[in-house]
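**Q** Residue numbers (this note's numbering), protein chains in the order written: chain A, 1 to 378; chain B, 379 to 598.
See the structure below:
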C-alpha cells in the first residue's frame, strides 16, 4: 500500500471547514430570530444564556473537528447531546404560548450542525441517523407536528443523506488522486534512474567486459563479473513495467515477472507488449518457469533460453537448454518408482491452472519444456 | 574476404573508439564515426558506408528517425543496431524501419565481428530476444486483424507455418545450423525464412506510412 503524504483524513478537511462555516452562519440566524421574538418568550434572559451556550459550542466544535484525532465518538456524541439538550430546554424557555403561536424554535437551522458532522464523518447512514434523532426531538418538543416542522425535519434528513454521500465521494476521489500522483512520481523517478543507468553504468560495464574479454587471469575474471552485473542491471531497468497501484485482481504482466530470471546465461525472448494474466496464474507460471530453470542449473547448468508467446486464447512459455538431456523412458520410469522430482512438480502446477506441461528431451541434445496456460473469459 | 566500409554511430566516445579499433584490426574500413543521429544522416552521403553500426539510443533523434534518414540518403545501406538496455519497443520499431541486424552491447567481440560480416552480407542477424519481439508483433497484427471489420486489415502481413516454426526456434536460442538440422532444411532456406519475416514487416511498415501520408494529404 502506498502511504499518503498528507495526514490521514486530510481530504475531509475542506468539508469540516464548510460545516464550521455553516454553524457560524446559522448561529447568526439564531441571534436574529431570538432578538426579533425575545419579547414574546417566557424567559427572555434564559434565551440569551441559551444563545451563549450555542455560541460556545459552535466554537468548541469548530476547533474540535479541525483536528483529525479529535473527530471520534466522544465529540460526535457530545455534539448530538448538546443539541438535543438545547432542544429539550426550548419549550420551557420559550413557553407554551410562544410555541403554540407558531414562532420558530430557538435553535432554527443551527440544530442541523451535528447532522452534517455525523454525515461528513460517517457517510449517509450516520447522517440519516443523526437527522432522525434531532428531527424527532424537535417534533417532540413542539408537542405538535405542524407542516413547517415536518418540512424542516425532512429537509434535515435529506441534507444528512446527501452530505454523507458527497463526503464519501470526496474522500474516495481525493485518495484516488493522491495515489495516481504518487504512482506517477514513482514511475517518473524510475524512468529517470533507468535513463541515467543506461547512459553511464551500462555502457561502461559493457565496455569493461568487451575490452577485458581477451585478457587472461584476474583481469579476464573481472571483465566476466562486469558482464554479469551488466546483464543483471539491464534486466532491472527494462524488465519491469510501470507500477499500477495495488489492485489485487488487476492482471499482471507475465514479462515483468519473468524478467528477474534473465541473466548472462538465461536469455528471455518476449513480445514488446505486456502479456496480461490474472495475478495467481502469472505467479504460478513464473514459479514453474523458475523451477524449470533451477533444474537446468542443477543438471550441469549451461545456457538456457526462455520464450514467452501470447496466442490470445493461451499463453505459452518455453524453456530450452543444451545440457545433457535424458532418454524419454527415464521420465516415466522415475514417476513409476515414485521419484516425483521437479518435472512432476512443474506438471502438477500447470494442471492446477488447467494448462499443460510438455517435456521433451534427447540425450546429449538438451531438454525442452513447454508450459501452456489457457486464458479464461477472454 | 574483403573488408566492409563501416560507419560507427554512438554517443559514447570511448565506446566509439573501441569499436572502430576492433573493426580496423579485423580488416574493415571505418569510413566515419559520429556521436549524433543528425550528423550521421548528414555525412552518410559523403562517407558511402556499406554498413552502419548504430547505437539505438542517441541524444538527439530516435533510432527509427536515424534509420529512416540513413536509408533515405543511401537506400542500400545495411544497419546493425546495438543497444545497451535491450529496450524492446525501440528495437522492434528499428527493425520495422529497416535495420536487419541487432546485437546487445554486451555481446563478445567475436560475436560482434561475426554480426558485422553477416549483416553486411545481407543476412539477418537475430538475437533470440529479437525473434521473440518479431513473433509477438505478428501475433499482435493477427489480433488487430481479427477485431477489425472485414477486409480493412487484410494487408497486414502474416507468417507461414514454416516461418513461425523457424522463428520460434530462433527465439529459443537455436542457431540456423541447428534449425536446419532439426527441420531437415538447408542453411540457406532457414536464413531465407528469417529474412522474409523481417521483409514483410518492413514492407507493411512502408505501406502503412504511405497510407498515413495519403490520408493526411501529404502526398500532394
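The beta carbon of each residue, even a glycine, is placed where N, CA and C say it ideally should be.
1. Are the C-beta atoms of residue 598 of chain B and some chain A residue less than 8 Å apart?
2. To the nearest angstrom, how far is it from the Cα of residue 326 of chain A to the Cα of residue 360 of chain A?
3. Label residue 525 of chain B either buried or exposed according to how many other C-beta atoms from any shown protein chain fall within 10 Å of its C-beta, with 16 as the threshold for buried.
4. With a cut-off of 8 Å, does the C-beta of residue 506 of chain B fall near any C-beta of chain A?
5. Tell me the DSSP secondary structure of residue 319 of chain A in three-state form.
6. Name the chain A residues that come within less than 7 Å of residue 390 of chain B, Cβ to Cβ?
7. Work out the CA separation of residue 164 of chain A and residue 131 of chain A for me, nearest whole Å.
8. Drop a sphere of 10 angstroms on the beta-carbon of residue 227 of chain A, count the other beta-carbons inside from all chains shown, and report buried for 16 or more, exposed for fewer.
9. For chain A, check one thing: does any of its Cβ atoms lie closer than 8 Å to the Cβ of residue 533 of chain B?
10. Distance, Cα to Cα, residue 89 of chain A vs residue 167 of chain A?
11. Of all Cβ atoms in chain A, is any one closer than 8 Å to the Cβ of residue 546 of chain B?
12. Could you work out which residues of chain B lie near residue 305 of chain A, taking near to mean beta carbons separated by less than 9 Å?
13. Whole angstroms are fine: how far does the CA of residue 272 of chain A sit from the CA of residue 515 of chain B?
14. For residue 243 of chain A, which three-state DSSP category applies?
15. Please confirm whether residue 554 of chain B and residue 508 of chain B have their CB atoms less than 8 Å apart.
16. Taking C-beta to C-beta, are residue 254 of chain A and residue 285 of chain A nearer than 8 Å?
17. Using a cut-off of 8 Å between C-beta atoms, extract the partners of residue 515 of chain B located in chain A.
18. Give the single residue among B:403, B:433, B:471 whose Cα lies nearest to the Cα of residue 390 of chain B.
19. Take residue 512 of chain B as the anchor and find which of B:425, B:490, B:537 has the nearest alpha-carbon.
20. Per the DSSP calculation, residue 515 of chain B is bridged to which residue(s)?
21. Do you know how far the Cα of residue 319 of chain A is from the Cα of residue 386 of chain B?
22. Under a Cβ-count criterion, where at least 16 other Cβ atoms within 10 Å of its own Cβ denotes burial, should residue 467 of chain B be classed as buried or exposed?
23. Taking Cβ-Cβ distances below 7 Å as the criterion, which residues of the stretch 215-233 of chain A are in contact with chain B?
24. Closer than 8 Å, CB to CB, is residue 7 of chain A near chain B or not?
25. Hey, would you say residue 321 of chain A sits closer than 8 Å to residue 367 of chain A, going by beta carbons?
26. Which two residues bound the contiguous alpha helix (DSSP H) that contains residue 26 of chain A?
27. Identify which residue in B:556, B:580, B:498, B:545 has its Cα closest to the Cα of residue 455 of chain B.
28. Please determine, among A:346, A:362, A:365, A:364, the residue with the shortest C-alpha to C-alpha distance to residue 356 of chain A.
29. Less than 8 Å between the beta carbons of residue 206 of chain A and residue 564 of chain B, yes or no?
30. When DSSP labels each residue in this structure, what does residue 440 of chain B get in the three-state scheme?
**A** So, to answer that:
1. With a pLDDT of only 48 at residue 598 of chain B, under 50, the local geometry of the prediction cannot be trusted, and the value read off the model is given with reservation. Chain A contact via Cβ: absent.
2. Near 9 Å, if we compare the C-alpha coordinates of residue 360 of chain A and residue 326 of chain A.
3. exposed
4. yes
5. In the structure shown, residue 319 of chain A sits in a strand (DSSP, three-state: E or B).
6. 203
7. Distance between the alpha carbons of residue 131 of chain A and residue 164 of chain A is about 11 Å.
8. buried
9. Chain A contact via Cβ: absent.
10. 32 Å
11. yes
12. 506, 549, 550, 551, 552
13. 7 Å
14. Per-residue confidence for residue 243 of chain A stands at a pLDDT of 49, beneath the threshold of 50, marking its modelled position as unreliable; no derived number is given.
15. no
16. yes
17. By Cβ distance, chain A contributes 271, 272.
18. B:433
19. B:537
20. Beta-bridge pairing links residue 515 of chain B to no other residue.
21. Cα-Cα distance, rounded: 36 Å.
22. exposed
23. 227, 230, 231
24. Here residue 7 of chain A scores only 43 on pLDDT, less than 50, and its place in the model should not be relied on; the value that follows carries that caveat. Chain B, which has no Cβ nearer than 8 Å to the Cβ of residue 7 of chain A, makes this no.
25. yes
26. 13-37
27. B:498
28. For residue 356 of chain A, the closest of A:346, A:362, A:365, A:364 by C-alpha to C-alpha distance is A:346.
29. no
30. coil
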